[in-house]
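For the sequence shown, our numbering gives the first residue as 72, with consecutive numbering after it. One structure below.
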Amino acid sequence: MNILLEAHLDDISSPANLRINDQIREYREYCRAHGCTRPYHHFAFGQSPFPPPPPIIEALAANAAKHDYLPTAGLPELRDAIAAFYRRHFDLDCTGDRVVVSPGSKGMISILLSALQGTVVIPVPAWVSYLPQAKILKKEVVSIRTRREDGFRLTPDLLKNGLERCGAGQNILILNHPCNPTGVVYSESELEGLADICRLHGVVVISDEIYALTSFETDGFTSMGKVYPEGTIVTGGLSKDRSCGGYRLGVGIFPESPSRLREDVVKLGGSTYSCVASPVQYAALKAYSTDAAVEEYMRDCRTLNSLVGRRMASLLSELPGVRTTTPQGGFYLYVDFSDLRDRFKAVGVDSCDEFARHLLQIEHTALLPGTALLLPDDDFSVRCSFVDYDGAKALAEWRGNPPRTSEEEDAFIRAHCPLVVDGVGYVGRYLDQIRRGLRPEHVM
Ligand code: PMP
């Protein structure tokens with residue numbers, strides 16, 4: 072039988088980070104069969120390297136027998152706990168009736184996009200999933216390229232120009248901070264500048280704050296929900312700061328307005344997935360309650376992340392021709408190799424995708440090419456995640472014997488995050504060849 076498919080799906084590829092995962096698996100098998108023992112450095116995938124906090128694991132196990140369907144919006148006591156969490160951490164004026172839970176914040180963003188009218192405005196470089204989500208829903212997209220000189224931040228002027236390319240009426244801005252891939256966190260006054268434009272033009276903001284509590288300076292993080300409460304839906308969840316990505320629990324915090332948006336989101340969720348898994352909702356109740364162990368866990372993971380991220384940024388920026396952001400949160404750096412573009416092309420590495428593929432083959436080091444971040448293939452910029460290490464071991468060691476000097480920090484990273492240090496070395500070796508006009512070749 073010839074099964075017919077919707078034509079617009081042809082234009083959507085599967086996520087590049089997952090594709091690279093599959094590629095690494097294939098290459099590892101190839102290497103095993105050919106006696107190559109060099110490890111792979113996986114900087115193309117970003118999930119928390121740490122195990123979830125024990126109180127959350129215990130709560131999940133204790134509630135494994137809970138099997139009833141739960142309300143689509145979430146257990147009332149969970150929504151109250153989430154509202155209290157957002158009041159406590161972000162000073163949001165929030166109550167449980169403004170909270171909806173979802174299977175991951177990815178699910179919430181997708182449902183929001185299907186409920187909201189308007190063109191989707193995406194600052195670039197962007198997280199890999201916003202564009203496919205918009206395309207699946209056949210929504211118009213306007214991307215706004217941010218600039219190095221603005222620290223890759225969306226500015227009010229850039230936003231204004233972008234909105235001129237949208238249709239009249241309401242539009243939807245997806246703002247993401249701390250940003251995947253740049254690691255940028257917006258200050259309160261920067262958010263206010265954006266909020267002014269959004270108010271003027273009736274823009275609804277989906278503020279993707281899934282990395283909020285991974286911000287290296289938590290005092291430095293302001294939620295867009297605080298600055299532009301009437302027009303922002305804040306999304307977050309358990310995946311990053313509490314390392315429970317596979318639990319699939321996200322949240323949306325809705326404006327306190329007479330709009331039907333929240334009810335429509337619940338209606339769409341109920342018609343699509345019914346509810347978030349019951350045991351997970353009970354575990355989330357623990358994760359959002361005031362719990363000293365969970366708070367301490369988030370603080371320690373943040374400190375460790377910040378150390379590794381900043382160290383990797385400094386190692387990369389020592390390589391000639393390489394420019395990188397210094398992350399303020401999240402798990403990623405944005406790395407720009409475009410000063411070497413002509414050198415790449417001179418040895419037949421014609422695009423960023425080709426560079427990423429070749430680097431993986433030759434130096435066993437995976438980066439996520441800029442095309443996955445909505446950049447042109449000629450851009451030679453990539454996302455590099457700094458979480459390829461044994462987080463359980465590193466966290467235990469960190470807690471038992473925290474480094475006190477910068478020398479001890481270096482030694483700690485060399486001992487516990489060896490792939491991060493070695494991987495940068497391999498990138499450097501590859502680029503050395505490129506600079507000398509040689510096409511890098513595989514060495515066993
Ligand atoms: N937004 C960004 C920027 C992300 O990086 C991710 C996960 N990679 C998500 C949203 C989705 O997270 P989850 O669905 O696990 O809540």
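Idealized CB from N, CA, C, for every residue including glycine.
Legend entry - Cβ-heavy atom distance, Gly-316 to ligand 1, below 7 Å: Answer for Gly-316: yes, Cβ within range of ligand 1.
Inset, instruction - Please confirm whether Phe-287 and Arg-373 have their CB atoms less than 8 Å apart. - result: Going by C-beta atoms, Phe-287 is nearer than 8 Å to Arg-373.
Inset, instruction - Over the uninterrupted beta strand (DSSP E) stretch that includes Ser-85, give me the two end residues. - result: For Ser-85, no beta strand (DSSP E) segment is defined, and its DSSP state is neither H nor E.
Inset, instruction - Sort Thr-108, Pro-125, Leu-89, Ile-153 by Cα distance to Phe-325 and report the nearest one. - result: For Phe-325, the closest C-alpha among the options Thr-108, Pro-125, Leu-89, Ile-153 is that of Ile-153.
Inset, instruction - Answer yes or no: do Lys-137 and Pro-350 have a C-beta to C-beta separation smaller than 8 Å? - result: In contact: Lys-137 and Pro-350 (Cβ atoms closer than 8 Å).
Legend entry - Cβ neighbour criterion (16 or more within 10 Å) applied to Asp-290: Exposed is the call here.
Legend entry - Integer Cβ distance of Arg-216 from Val-195, believed to fall under 8 Å: Between Arg-216 and Val-195 a beta carbon distance of about 5 Å is seen, short of the 8 Å cut, so the two are scored as contacting.
Legend entry - Under the three-state DSSP convention, the category Cys-455 falls into: Here Cys-455 sits in strand by DSSP.
Inset, instruction - Would you identify the three-state DSSP class for Ala-239, choosing helix, strand or coil? - result: Under the three-state reduction of DSSP output, Ala-239 falls in the coil class, being neither helix nor strand.
Legend entry - Spatial distance of Val-498 from Ser-260 (CA atoms): Approximately 37 Å, taken between the alpha carbons.
Legend entry - Backbone secondary structure at Pro-194 - three-state DSSP: Residue state, collapsed to three classes: strand.
Inset, instruction - Pick helix, strand or coil for Arg-216, following the three-state DSSP scheme. - result: Looking at Arg-216 - three-state DSSP - the assignment turns out to be strand.
Inset, instruction - Kindly indicate which residue of Ser-84, Pro-120, Met-72 has the alpha-carbon position closest to the one of Ala-465. - result: Out of Ser-84, Pro-120, Met-72, Pro-120 has the C-alpha closest to the C-alpha of Ala-465.
Inset, instruction - Could you spell out the range, first to last residue, of the beta strand (DSSP E) harbouring Thr-303? - result: Annotation for Thr-303: the continuous beta strand (DSSP E) segment containing it runs 303 to 308.
Legend entry - C-beta contact flag for Val-199 and Pro-86 at 8 Å: Against a cut-off of 8 Å, the Cβ pair of Pro-86 and Val-199 comes out as a contact.
Legend entry - Thr-395 - partner residues in DSSP beta bridges: Looking at the DSSP assignment, Thr-395 forms a beta bridge with Val-406.
Legend entry - Beta-carbon gap between Asn-517 and Tyr-282 smaller than 8 Å: No answer is possible for residue 517: the residues shown for the chain start at 72 and end at 515.
Inset, instruction - Tell me whether Asp-279 counts as near ligand 1, meaning its Cβ is closer than 7 Å to at least one heavy atom of that ligand. - result: Asp-279 Cβ: within cutoff of ligand 1.
Legend entry - Residue closest to Asp-82, alpha-carbon to alpha-carbon, out of Leu-208, Cys-346, Asp-335, Asp-279: The option with the nearest alpha carbon to Asp-82 is Leu-208.
Inset, instruction - Please state whether DSSP places His-112 in a helix, a strand or coil. - result: Strand.
Legend entry - Distance between Asp-279 and Leu-89 (C-alpha atoms, nearest Å): A straight-line Cα-Cα distance of about 21 Å links Leu-89 and Asp-279.
Legend entry - Segment limits, alpha helix (DSSP H) that includes Ser-260: Note, Ser-260: alpha helix (DSSP H), 259 to 272.
Inset, instruction - Pull up the CB-CB distance for Thr-190 and Val-212, whole angstroms please, since I reckon it's below 8 Å. - result: Sure, about 7 Å apart at Cβ, within 8 Å.
Legend entry - Selected residue, minimal CA-CA separation from Tyr-257, among Cys-488, Ser-294, Pro-329: The shortest C-alpha to C-alpha distance from Tyr-257 to any of Cys-488, Ser-294, Pro-329 is the one to Ser-294.
Inset, instruction - Round the Cβ separation of Asp-407 and Ser-456 to the nearest angstrom and send it over; I've been treating them as touching at under 8 Å. - result: About 16 Å separates the Cβ atoms of Asp-407 and Ser-456, ruling out a contact at the 8 Å cut-off.
Inset, instruction - Counting only the same chain and skipping the five closest in sequence on each side, list residues whose C-beta sits under 7 Å from that of Asp-448. - result: Closer than 7 Å at the Cβ level, and outside the excluded window around Asp-448, lie Ser-422, Cys-423, Asp-424, Thr-442.
Legend entry - Cross-strand partners of Ala-437 (DSSP beta bridge): Per the DSSP secondary-structure output, Ala-437 pairs in a beta bridge with His-113.
Legend entry - Residue interval of the beta strand (DSSP E) (run including Gly-323): Here the beta strand (DSSP E) through Gly-323 covers 321 to 324.
Legend entry - Contact test: Lys-210 Cβ vs ligand 1 heavy atom, cutoff 7 Å: No, the beta carbon of Lys-210 sits no closer than 7 Å to any heavy atom of ligand 1.
Legend entry - Lys-177 Cβ short of 7 Å to ligand 1 heavy atom set: When distances are taken from the beta-carbon of Lys-177 to the heavy atoms of ligand 1, the shortest one is below 7 Å.
Legend entry - CB of Gly-167 within 8 Å of CB of Pro-227, strictly: Cβ distance not < 8 Å, so Gly-167 and Pro-227 don't count as in contact.
Inset, instruction - List the whole-angstrom C-beta distance separating Gly-321 from Gly-341, where the pair is believed to meet the contact cut-off of C-beta under 8 Å. - result: At roughly 16 Å, the Cβ-Cβ gap does not stay under 8 Å, so Gly-321 and Gly-341 are not in contact.
Inset, instruction - Specify whether the segment 143 to 160 and the segment 353 to 372 touch according to this definition: at least 3 beta carbon pairs, one from each stretch, less than 8 Å apart. - result: Taking 8 Å as the limit for Cβ pairs, the verdict is that the segment 353 to 372 does touch the segment 143 to 160.
Legend entry - Sub-8 Å separation of Ile-433 and Pro-511 beta-carbons: Between Ile-433 and Pro-511, the CB-CB gap stays under 8 Å.
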